[in-house]
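Asks: With the numbering used here applied, the sequence shown corresponds to residues 58 to 162, in that order. No residue lacks a Cβ here, since even glycine has one placed at the ideal position from N, Cα and C. Note that the structure is predicted; figures quoted are calculated from it, not measured. Here's a structure for you.
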Amino acid sequence: MLLKTRNSLDNEYRNDFVYLGADAAEYLARIGVRGVGIDTLGIERDQPGHGTHKTLLAKDIVILEGIRLSHVVPGDYLLIALPLKISRADGAPARAILLDHLGDE
58 MLLKTRNSLD NEYRNDFVYL GADAAEYLAR IGVRGVGIDT LGIERDQPGH GTHKTLLAKD
118 IVILEGIRLS HVVPGDYLLI ALPLKISRAD GAPARAILLD HLGDE
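See the structure below:
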């Protein structure tokens, strides 16, 4: 699931960016989301205890942060994200692309 927010409207960094709260992360885990991406540098904004990250990662839900969605229209896509292989790291930069027209031949 990709979350396009008002963050996509602004090219400048904002301290009041939209983020995913721990309660929303719990909901996404409950409905079986396998991955979540958001259009800001972090899926959280300095939440004590990092509940959003902990909830998603405990359910093996992939987190993709800092994606550009300003020109993406709502719809169904195939997301391909290719992270750099960095040993002993818990995250890495990734090249992410969206393919549309799913099911069209």
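In the region 90-161, which residue ranges form an unbroken alpha helix (DSSP H) of at least 4 residues, counting only runs that do not cross its ends?
Replies: Qualifying alpha helix (DSSP H) stretches, in chain order: 108-115.
Asks: Determine the closest residue to residue 101 out of 114, 94, 76 and 92, with distance taken between C-alpha atoms.
Replies: Position 44 of the sequence shown, counting from 1, holds the residue named residue 101. Checking every option, the nearest Cα to that of residue 101 belongs to 76.
Asks: Roughly how many angstroms lie between the CA atoms of residue 118 and residue 95, to the nearest whole one?
Replies: For the purposes of this step, residue 118 is taken as residue 61 along the sequence shown, with counting starting at 1. For the purposes of this step, residue 95 is taken as residue 38 along the sequence shown, with counting starting at 1. One C-alpha to the other measures close to 13 Å.
Asks: What did DSSP end up calling residue 66 once you bin it into helix, strand or coil?
Replies: By one-based count along the sequence shown, residue 66 stands at place 9. In the structure shown, residue 66 sits in a helix (DSSP, three-state: H, G or I).
Asks: When the Cα atoms are used, what is the spatial distance from residue 59 to residue 80?
Replies: Taking the first residue of the sequence shown as 1, we reach residue 59 at position 2. Taking the first residue of the sequence shown as 1, we reach residue 80 at position 23. Approximately 17 Å between the Cα atoms of the pair.
Asks: Do the region 109-118 and the region 131-141 make contact, defined as three or more Cβ pairs closer than 8 Å?
Replies: No contact exists between the region 109-118 and the region 131-141.
Asks: Can you tell me which of 143, 82, 70 and 138 puts its alpha carbon nearest to the alpha carbon of residue 108?
Replies: One-based indexing of the sequence shown puts residue 108 at position 51. Ranking 143, 82, 70 and 138 by Cα distance to residue 108 puts 82 first.
Asks: Secondary structure at residue 85, three-state DSSP: helix, strand or coil?
Replies: The sequence position of residue 85 within the sequence shown is 28, counting from 1. Reduced to three states, the DSSP call for residue 85 is helix.
Asks: Run through the DSSP bridge pairs and tell me what residue 60 is partnered with.
Replies: Within the sequence shown, the letter at position 3 stands for residue 60. Beta-bridge pairing links residue 60 to 95.
Asks: Let me check understanding here. Comparing Cα to Cα, which of 127, 150, 129 and 145 lies closest to residue 138?
Replies: On the sequence shown, position 81 is the one that residue 138 refers to. Nearest C-alpha to residue 138: 150.
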